[in-house]
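Chains as they are written, first to last, in this note's numbering: chain A, 1 to 538; chain B, 539 to 1076.
The C-beta atom is built at its ideal place from N, Cα and C for all residues, glycine as well.
2 protein chains.
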Amino acid sequence: MDGTTPRPAPRTRSWWGWGWTDAHPDDAECTAMGALLPGTLARPLPVPGVRDLRIGAPAVQPPPSLAHLVTADPADRASHAMGKAYRDVVRALRGRPGRIPDLVARPADEQAVADLLDWAGRNGTAVVPYGGGSSVSGGVEYRGDAHRAVLSLDLTGMRRVLEVDTTGRAARIQAGALGPDLEAQLRPHGLTLRHFPQSFEFSTLGGWLATRAGGHYATGRTHIDDFVQSMRVVTPAGTSASWRLPASGAGPSPDRLFLGSEGALGVITEAWMRLQERPRHKASAAVAFHDFHAALGAVRDLAQSDLSPANCRLLDPGEAALSGAARDGGSVLVLGFESAHEPVDGRLARAVELARSHGGRHDGSTGRDGGAGGTPDGDAAVGAWRAAFLRMPYLRDGLVRMGAVAETFETAATWDRVPGLIEAVRTEVAAAALKATGHPATVNCRLTHVYPDGAAPYFTVLAAGRPGDEVALWDDLKAVAGEVLHRHRATITHHHAVGRDHRPGYDLQRPEPFALALRAAKDALDPRGILNPGVLVD
Amino acid sequence: MDGTTPRPAPRTRSWWGWGWTDAHPDDAECTAMGALLPGTLARPLPVPGVRDLRIGAPAVQPPPSLAHLVTADPADRASHAMGKAYRDVVRALRGRPGRIPDLVARPADEQAVADLLDWAGRNGTAVVPYGGGSSVSGGVEYRGDAHRAVLSLDLTGMRRVLEVDTTGRAARIQAGALGPDLEAQLRPHGLTLRHFPQSFEFSTLGGWLATRAGGHYATGRTHIDDFVQSMRVVTPAGTSASWRLPASGAGPSPDRLFLGSEGALGVITEAWMRLQERPRHKASAAVAFHDFHAALGAVRDLAQSDLSPANCRLLDPGEAALSGAARDGGSVLVLGFESAHEPVDGRLARAVELARSHGGRHDGSTGRDGGAGGTPDGDAAVGAWRAAFLRMPYLRDGLVRMGAVAETFETAATWDRVPGLIEAVRTEVAAAALKATGHPATVNCRLTHVYPDGAAPYFTVLAAGRPGDEVALWDDLKAVAGEVLHRHRATITHHHAVGRDHRPGYDLQRPEPFALALRAAKDALDPRGILNPGVLVD
């Protein structure tokens, strides 16, 4: 997560689950975790090999001029069949992944992307843009059979930082750069994109832009949207290149149409991104609360102050207990401050004081790590929480192997709705899980991002599964959650994209005239309908 | 500009020039100003009365059900014929305004807006949305004759703050609210939109949103785009209502499509806007520089610091002399800080120190007004500059009456291009004016907004006119300026909209695939092409 050191030894990415194969819990760990969750399996599901899947021959062959960029290797195709949502991991474990793409292409430059789109359009082949493959919303798979073939367009071959402007602190970066690689290329210039989503290791700049990713930081500069100076996007109707500008009022923003377009309007190939100096001053602390609602008040006050914490992460009692940040049944507020220019201890002290005025308890210990990257060396609660944060997706996969439901979803709402929303999600999703499985479920919440006018609650659901029927169970629980979000006018996604999994909620959220405009734009840019079909518009 | 006190006495808006009739310089002042600019007239052009214009009967009549909202009064129609750009004022003074709208409508609610659009669509009538009428880019007039009739849709009847959420610091505000009225309605709640463009008195929330207005503040929260929680927009294809959210990652932002759409995609009727607490702490200072390029370096350093000045306005030597901020041929940097929560003297002192490290000179005097509103009570240069700032449009009109060219335009560019851009605009526009008029011209520059990655230079052009041919002369000079901007990849507009005057530059700036998408969106939302024809797309 800190993006400081590229790993020297080659590691293997898991084809079926999160991240690196060597980071997954082993069978014994899985069994131990499962024992904590009533109703799970006695022993973990085996991990299937790619060769166990029946992968047919591709329905199309690339033309000779593009053949060197394209592979039909079954393992490569299988690993590009889906993202890494709970339902994806379950399907892989059960040997029933989504439709395996016919081909995987790895273009080396923009012209190759254009050529591939051109070929796909002439050959009835759907194109699914693919970055790090970490989608947790069904954003990188193909569903249905309306197209003759499916091409997974893997951008990770385009991974270079092409130019750095140190005067204006910006860089031109290819879309396929994964987080650690991107930061490693910026480091010699003393600059950082400072965008650290939980998926940082396994997601790309292009993926962040296409999904309007939210970074790790709670306030201030955290949305990738705000870092964009200009973008290049290859569409079947030509390549869109916006000018590199600090600001412009000329018509609706072209970049803002492609930000969040999730591969349905074009393939983002590169962007000039605003950078920051690397932070040199950090400070962090954890404040405990008996009363979750009092903690919410403290967080709102902090978000409306000028203090601008880098981290302002409120863990509810369940989340605090699960991560080891608290063991007394209370909530924990993890605060972190960062600056490239001056010490931040004063801001931290004022934030702690403000939290105390809402009933928060702080034992006086602080850390130097800002609560957002780096090695924990101060407050134990901060360190414990971050370690759990990075390990969470691996543990989820371990629980999935035990037949459990273990998944997260997030939203955002204005402050007036936040308390009722959190309560309703916790209560109604837990009740639905109990009813469906016969076992009590855990629904925890943390606030990941806070704004002067609202917050982004992030929920973790842990429940016994319905062995063999896990996908349908999760779809049911997700429908319950979606209904609660809609009732509270909370967004269907704050930083996890719409993909295919959130389409029902998205269709309810977006204004119908905007849907008309978006469909018209899609028809104009992708007249053959080959780009990531099923995402955003039909 | 401070928006604190609604004016009690009724004043009359000028039909031909900026603002209030009683604020225009009289004939003697005009003559005195003209004497400073070689090549202007000996005496001011007379101000024509509306009755001197030949205004025909309207080509259409509204249906009885809408008649109470619509007027055909000639004076009302004449005052809605154009905005307030130099070329508009000249045309009015010369008795040759743009096409006079057939009717002026003042809807009282959203349903009336929808009904008017519906009627206009069925009757081949173009609809030009109109807020405060302060457009300086040809945004509120009709050009050509492709439509049978023209309706000016004046939104100022919809001017109320409908709801205030003090918990989340937001308000639902009707689009027709003018700046001072809007602030007066928020003041009892201790909140402010804190958006103060130079046109504040004479522009509306809807106009700010439709043009992506930039406020008065140099850094931080100054773009109206970032204050929007949600919007309602009436289009011929239905009413678009986005959800009130602090943030969302669900697809491309619907609001960002309508922000900057300049009335071509729909009529903005209301928005939930993010508010701020009113600032209680202010401090300001002026720093002098011998060397403009050293001052640019200071400003860039400030913009890349964490100091976030509310005002960071660099006046070049000509601008500093014209406004009275400096008389020694140097540049002046006007700095202002504001906070609702804590004293800002420390930040000001650090900013002054940083400016000094670039060769800036500061005499030690500071003000308490933040350089952005309120009564000047501290630094004389700050006060002098602001008074000149607010009076500038009136003085421009006085110069126009003397036959002079007196106009402004603005742009934005990344830091690497800023010095060369400013130099090229000054040199090339002045040379073009000299060549066209035979008299030396003045082209001054100030930086109005600064960003970590660039700045927004704002240019003032003062030149002898070409009596009777002023519009063509200005169009020629604007074409020269536009060519320089394009060559430097500087935006055609940073906060003054595209309108009809900037269309050539806009068509060069926007990516062609985005233009395709925008045209498709326009066709979908406005299939009969009645909304502000000629703006943004054809």
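Would you say threonine 239 of chain A faces chain B, with C-beta separation under 9 Å as the test? For threonine 239 of chain A, the answer is yes, since a Cβ of chain B falls inside 9 Å of its Cβ.
Using C-beta distances below 8 Å, list every residue in its chain close to histidine 1034 of chain B, excluding the 5 sequence neighbours before and after it, in chain order. By the criterion of a C-beta distance shorter than 8 Å, histidine 1034 of chain B is surrounded in its chain by Val674, Ser675, Thr749, Phe947, Glu948, His1040, once the five residues flanking it on both sides are discounted.
C-alpha distance - proline 337 of chain A paired with threonine 448 of chain A, whole-angstrom precision: The question names proline, but residue 337 of chain A is phenylalanine in the sequence shown. Distance between the alpha carbons of phenylalanine 337 of chain A and threonine 448 of chain A: 15 Å.
Assumed close pair alanine 441 of chain A, alanine 456 of chain A - CB separation to whole angstroms, cut-off 8 Å: 22 Å between Cβ atoms; not a contact.
Out of A:Leu265, A:Pro254, A:Leu314, which one is the CA nearest neighbour of phenylalanine 289 of chain A? That would be A:Leu314, whose Cα lies nearest to the Cα of phenylalanine 289 of chain A.
Using a threshold of 9 Å, state whether the C-beta atoms of isoleucine 1129 of chain B and alanine 809 of chain B are closer than that. Summary: the structure shown does not reach residue 1129 of chain B, with chain B confined to residues 539 through 1076, and so no result is reported for it.
Would alanine 573 of chain B be called buried (16 or more neighbouring beta carbons within 10 Å of its own) or exposed? Result: exposed.
Which residues does DSSP pair with glycine 992 of chain B in a beta bridge? Answer by DSSP bridge pairing, in chain order: B:Thr952, B:Tyr989.
Contact set for arginine 500 of chain A: own chain, Cβ-Cβ below 8 Å, skip 5 residues either direction: Excluding sequence neighbours, arginine 500 of chain A sits near Ser137, Gly138, Gly139, Glu141, Arg143, Gly534, Val535.
Integer-rounded CB distance, given that alanine 463 of chain A should sit under 8 Å from threonine 437 of chain A: So it is a contact: roughly 6 Å between Cβ atoms.
For valine 89 of chain A, which of helix, strand or coil comes out of DSSP? Under the three-state reduction of DSSP, valine 89 of chain A is assigned to helix.
Quick check on serine 603 of chain B: does DSSP put it in helix, strand or coil? In the three-state DSSP reduction, serine 603 of chain B falls in the helix class (H, G or I).
Under 7 Å by beta carbon: chain A residues contacting glutamate 1050 of chain B: Simply Gly238.
Anticipated Cβ contact below 8 Å, histidine 727 of chain B with threonine 704 of chain B, distance rounded: Contact holds; Cβ gap of about 6 Å.
Which term fits alanine 387 of chain A, buried or exposed, when burial requires 16 or more other beta carbons within 10 angstroms of its beta carbon? By the Cβ-count criterion, alanine 387 of chain A is exposed, with fewer than 16 other Cβ atoms from all chains shown falling within 10 Å of its own Cβ.
Which of helix, strand or coil DSSP assigns to tryptophan 781 of chain B: Tryptophan 781 of chain B carries a coil assignment under DSSP once its states are collapsed to helix, strand and coil.
Just by C-beta distance, which residues in the region 1060-1075 of chain B are closer than 7 Å to chain A? Look at the region 1060-1075 of chain B: the residues with a C-beta under 7 Å from a C-beta of chain A are Asp1061, Ala1062, Leu1063, Leu1074.
Could you check whether valine 598 of chain B and glycine 631 of chain B sit closer than 9 Å to each other, using their CB atoms as the reference points? Note that residue 631 of chain B corresponds to leucine in the displayed sequence, not to glycine. Valine 598 of chain B is positioned such that its CB atom lies no closer than 9 Å to that of leucine 631 of chain B.
Could you check what DSSP says for glycine 378 of chain A in three-state terms: helix, strand or coil? A caution first: glycine 378 of chain A carries a pLDDT of 41, below 50, which makes its placement in the model too unreliable to give a value.
Using the Cβ count rule (16 or more neighbours within 10 Å means buried), how would you classify serine 365 of chain A? Taking all protein chains in view, the Cβ of serine 365 of chain A is surrounded by fewer than 16 other Cβ atoms within 10 Å, so the residue is classified as exposed.
From glycine 745 of chain B to leucine 803 of chain B, what distance separates their C-alpha atoms? So the alpha carbons of these two residues sit roughly 14 Å apart.
Member of A:Met273, A:Arg466, A:His293 whose CA lies at the smallest distance from the CA of methionine 432 of chain A: Here the sequence assigns alanine to residue 432 of chain A, which means methionine is not the residue at that position. The option with the nearest alpha carbon to alanine 432 of chain A is A:Arg466.
Proline 990 of chain B: contacting residues in chain A (beta-carbon distance under 7 Å): Simply Arg169, Arg274.
In chain A, which residues lie less than 7 Å from serine 877 of chain B when you measure between Cβ atoms? Result: Asp306.
Can you tell me where the beta strand (DSSP E) with serine 339 of chain A in it begins and where it stops? Unbroken beta strand (DSSP E) run through serine 339 of chain A: 331-339.
Less than 7 Å between C-beta atoms, sequence neighbours within five positions excluded: which residues of the same chain meet that for proline 817 of chain B? Excluding positions up to five away in sequence, the list reads Glu876, Ser877, Ala878, Gly908.
Under 9 Å (Cβ pairs) to chain B, residues found in the region 483-494 of chain A: Those would be Arg489, Ala490, Thr491, Ile492, Thr493, His494, in chain order.
Endpoints, the beta strand (DSSP E) within which arginine 540 of chain A is located: A query on residue 540 of chain A cannot be resolved here, the shown segment of chain A reaching from 1 to 538 and no further.
Excluding the 5 residues preceding and the 5 following glycine 941 of chain B in the sequence, name in chain order all residues of the same chain whose CB lies nearer than 8 Å to its CB. For glycine 941 of chain B, where only same-chain residues beyond five positions count, the Cβ hits under 8 Å are Gly572, Thr578, Leu579, Leu583, Ala1002, Gly1003, Pro1005, Glu1008.
For chain B, check one thing: does any of its Cβ atoms lie closer than 9 Å to the Cβ of alanine 175 of chain A? So, not an interface residue.
Closest by C-alpha distance to phenylalanine 258 of chain A, when choosing among A:Met231, A:Asp291, A:Thr219: Check the Cα spacing between phenylalanine 258 of chain A and each of A:Met231, A:Asp291, A:Thr219: the tightest is with A:Met231.
DSSP has arginine 361 of chain A in a bridge; who is on the other side? DSSP output for arginine 361 of chain A lists A:Ala288 as bridge partner(s).
Since serine 242 of chain A and aspartate 255 of chain A should fall inside the 8 Å C-beta cutoff, what is the C-beta to C-beta distance between them, to a whole number of angstroms? That pair is a contact at about 5 Å.
Specify the secondary structure class of glycine 669 of chain B as computed by DSSP and reduced to three states. Glycine 669 of chain B: coil per DSSP, three-state reduction.
Using a Cβ cut-off of 9 Å (strictly closer), state whether glutamate 945 of chain B contacts chain A. Answer no: the Cβ-Cβ gap between glutamate 945 of chain B and chain A never drops below 9 Å.
DSSP-derived helix/strand/coil call for leucine 641 of chain B: It is a strand residue.
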